[in-house]
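Numbering (the numbering used here), first residue to last: 742 to 1235.
As structure tokens, then:
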């Protein structure tokens, strides 16, 4: 199949899977098999685009011209391809995990869960392959609506309250700030297409009508308008959404929602503003400090949380701050760091949420202070937690080391030693909020209830345990196979 048309089929495949899942609602085994097949088919389609993109091609498909310079269409560039590979692969892994989790936990409306999950993946792939700001915006909003029923899946008042916060902040930021930024950009340029070197750039200068001050304000509008990136003060939706089932939390944090947010920021940095233009006119300097503040404040908030999932939620806000900081620094090393951290954080955070979900369904524990001694009955889960924690912290022999390493190089190249200190302090705080659960699990004396074996006699449902081991192993493998990913991202960052 022509590479350009593969972009459209990649968006359509999860939609077809969602329809098939609904038709198979009375047959759970078939429903879950269709989810797995849809994920495999999508991953194969996205992977088929890799040789062309590595060779320098940018497969493109125009869909619809609304006005002159205002089009809907798809284009595959290196960062979008990496993001699509992550989302499609982790869709498969999350379904494998969910089969054990949803059945063991006795979750209701499982067909609805798998169908909306597929719809969310379709919106994610559409965003990853967007050729212009308008297409990206439409898929960005579609993802919000596709994930809202997943956030409120439980149907309780707490679930609905979390869903309202989720919807209010994400729609509020996108309709007030992001939409305004799009309209302003179109009025300045007459188009919303992503452009090599930056849509607002004109050689070494700026387009007529664009000033450094306008660039600075417009960049802030884009970054605050991308609420899925969870910059302070628009971060509360993320811990509020932790009322959702654990596989949904994994979707929000690792597979789709927050990753589409930081992907959007990286993409507009390079293709709308132009990385060199941002640096030349210091247009991203204020947002560097917003990102740094988000990184540190969220890490401190994570330290205060006893609920395991909420601690992970604030951890995600902090780690997203690294990616936004990388975008605002806007040099090659920093942009490489942003792309690498999307991948490393996805693998690590999905592992951590898988572990938290397994602890819930096996031992019915949700608080960090209740984890004393659980390593004696759940050694694989606790081991995976430690590996994923090392990856988030950025320790050597895990993939997270490379993203932090490149970010430090990027901050030094930008002449920002204070941001180097922020990166290192954020990693130190990550040690303080991620390793205490493991220390409790391995070294503290268990209470009687904790010492009991998991309810169903094994550490976790078999499919869930397989998913945990696979993602934890990939956190380590990424350290050794980083160079091909860097080579791919050089087509974006270089």
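Ideal placement from N, C-alpha and C gives every residue a C-beta, glycine not left out.
Worksheet entry | Boundaries of the beta strand (DSSP E) in which residue 827 is found, first to last residue | Segment 819-845 is the alpha helix (DSSP H) holding residue 827; no beta strand (DSSP E) there.
Discussion item. Residue 1089 and residue 1209 - do their beta-carbons sit closer together than 9 Å?
Written reply: The Cβ atoms of residue 1209 and residue 1089 lie no closer than 9 Å to each other.
Worksheet item: What is the DSSP secondary structure of residue 942, counted as helix, strand or coil?
Response: The three-state reading of DSSP puts residue 942 in strand, counting E and B together.
Fill in: Cα-Cα separation between residue 787 and residue 1060, rounded to whole angstroms
Here the alpha carbons of residue 1060 and residue 787 stand approximately 26 Å from one another.
Item to complete: Would you mind giving the Cβ-Cβ distance between residue 963 and residue 919, rounded to the nearest angstrom? I have them listed as a contact below 8 Å.
Response: Yes, they are in contact, since the Cβ atoms of residue 963 and residue 919 sit about 7 Å apart, within 8 Å.
Worksheet item: Across which residues does DSSP place residue 815 in a beta bridge pair?
Response: In DSSP, residue 815 forms a bridge with 802 and 871.
Practice prompt. Please name the residue, chosen from 1144, 794, 1116 and 1104, that lies closest to residue 1224 on a Cα-to-Cα basis.
Written response: Considering only alpha carbons, the answer is 1144.
Discussion item. In this structure, how does DSSP classify residue 1113 when only helix, strand and coil are distinguished?
Written reply: Coil at residue 1113, not helix or strand.
Fill in: Whole-angstrom C-beta distance between residue 861 and residue 875, which should lie under 8 Å
Separation of the CB atoms of residue 875 and residue 861 is rounded to 20 Å, and the pair is thereby denied contact status at 8 Å.
Worksheet item: Terminal residues of the continuous alpha helix (DSSP H) containing residue 1171?
Response: Element bounds for residue 1171: 1158-1184.
Worksheet item: Can residue 1230 and residue 819 be called in contact, C-beta distance under 9 Å?
Response: Their beta carbons are under 9 Å apart, which means residue 1230 touches residue 819 by this criterion.
Discussion item. I'd like to check one pair, residue 1013 with residue 939: are the Cβ atoms closer than 9 Å?
Written reply: Taking 9 Å as the Cβ cut-off, residue 939 and residue 1013 qualify as a contacting pair.
Worksheet item: Any idea what DSSP makes of residue 982, helix, strand or coil?
Response: Helix.
Worksheet item: Of the choices 1146, 1106, 1087 and 1214, whose alpha-carbon is the least far from that of residue 1178?
Response: Comparing Cα positions, the closest option is 1106.
Discussion item. Under 8 Å: do the segment 1090-1109 and the segment 1039-1050 share three or more Cβ pairs, one atom per stretch?
Written reply: Three or more beta-carbon pairs separated by less than 8 Å link the segment 1090-1109 to the segment 1039-1050, which places the two stretches in contact.
Worksheet item: In this structure, what does DSSP give as the bridge partners for residue 1048?
Response: DSSP output for residue 1048 lists 1108 as bridge partner(s).
Worksheet item: Between residue 923 and the rest of its own chain, which residues show a CB-CB distance below 8 Å, the 5 nearest in sequence each way excluded?
Response: Short of 8 Å from the beta carbon of residue 923, and not among the five residues preceding or following it, lie these beta carbons of its own chain, in chain order: 874, 875, 878 and 933.
Discussion item. Which same chain residues end up closer than 7 Å to residue 1215 when comparing Cβ atoms and leaving out the 5 residues on each side of it in sequence?
Written reply: Result list for residue 1215: 1088, in chain order.
Discussion item. Alpha carbons only, please: which of 979, 1030 and 1069 is nearest the one belonging to residue 1004?
Written reply: Checked all of 979, 1030 and 1069; the closest Cα to residue 1004 is 1069.
Item to complete: Rounded to whole angstroms, what's the CA-CA distance from residue 943 to residue 1026? Just pull it up for me.
Response: Whole-angstrom Cα-Cα distance: 21 Å.
Worksheet item: Going by other Cβ atoms of all chains shown within 10 Å of its Cβ, with 16 needed for buried, is residue 959 buried or exposed?
Response: With 16 or more Cβ atoms within 10 Å of its Cβ, residue 959 is classed as buried.
Worksheet item: Is residue 959 helix, strand or coil when you go by DSSP?
Response: If DSSP states are grouped into helix, strand and coil, residue 959 belongs with the helices.
Worksheet item: In whole angstroms, what is the alpha-carbon distance linking residue 1096 and residue 1186?
Response: Straight-line Cα distance between these residues: approximately 20 Å.
Item to complete: Whole angstroms is fine: what's the gap from residue 1217's alpha carbon to residue 1063's?
Response: C-alpha separation (whole angstroms): 20 Å.
Worksheet item: Between the C-alpha atoms of residue 1154 and residue 1007, what's the straight-line distance to the nearest angstrom?
Response: Rounded to the nearest angstrom, the two C-alpha atoms are 18 Å apart.
Item to complete: Just confirm the distance between the C-beta atoms of residue 998 and residue 895, as a whole number of angstroms; I'd bet it's less than 8 Å.
Response: 18 Å between Cβ atoms; not a contact.
Practice prompt. Kindly list the residues whose CB is nearer than 8 Å to the CB of residue 1182, restricted to its own chain and excluding five residues on each side of it in sequence; keep chain order.
Written response: Excluding residues within five positions, the ones whose Cβ falls inside 8 Å are 1112, 1113, 1114, 1115, 1116, 1119, 1123 and 1126.
Discussion item. Here's the rule: buried if 16 or more other CB atoms are within 10 angstroms of the residue's CB, otherwise exposed. What is residue 1132?
Written reply: Buried: at least 16 other Cβ atoms inside 10 Å.
Practice prompt. Could you check if residue 808 is buried or exposed, using at least 16 other CB atoms within 10 Å of its CB as the buried criterion?
Written response: With fewer than 16 other Cβ atoms within 10 Å, it is exposed.
Discussion item. For residue 1207 and residue 897, I'd like the C-alpha separation in whole angstroms.
Written reply: Approximately 31 Å between the Cα atoms of the pair.
Discussion item. Tell me which residues share the same chain as residue 1017 and place their Cβ nearer than 7 Å to its Cβ, disregarding the 5 neighbours each side in the sequence.
Written reply: For residue 1017, where only same-chain residues beyond five positions count, there are no Cβ hits under 7 Å.
Item to complete: Taking 9 Å as the cut-off, decide whether the C-beta atoms of residue 1139 and residue 1219 are in contact.
Response: Their beta carbons are under 9 Å apart, which means residue 1139 touches residue 1219 by this criterion.
Worksheet item: Does the distance from the C-beta atom of residue 892 to that of residue 1038 stay below 9 Å?
Response: No; because the gap between Cβ atoms is not below 9 Å, this pair is not in contact.
Discussion item. Which complete alpha helix (DSSP H) runs does the segment 998-1071 hold, if anything under 4 residues is left out?
Written reply: Fully enclosed alpha helix (DSSP H) runs of 4 or longer: 998-1009, 1016-1021, 1026-1045 and 1049-1070.
Fill in: residue 927 versus 812, 967, 971 and 805, residue with shortest Cα-Cα distance
Minimum Cα distance to residue 927 is reached at 812.
Worksheet item: What's the gap between the Cα of residue 867 and the Cα of residue 828?
Response: Near 11 Å, if we compare the C-alpha coordinates of residue 828 and residue 867.
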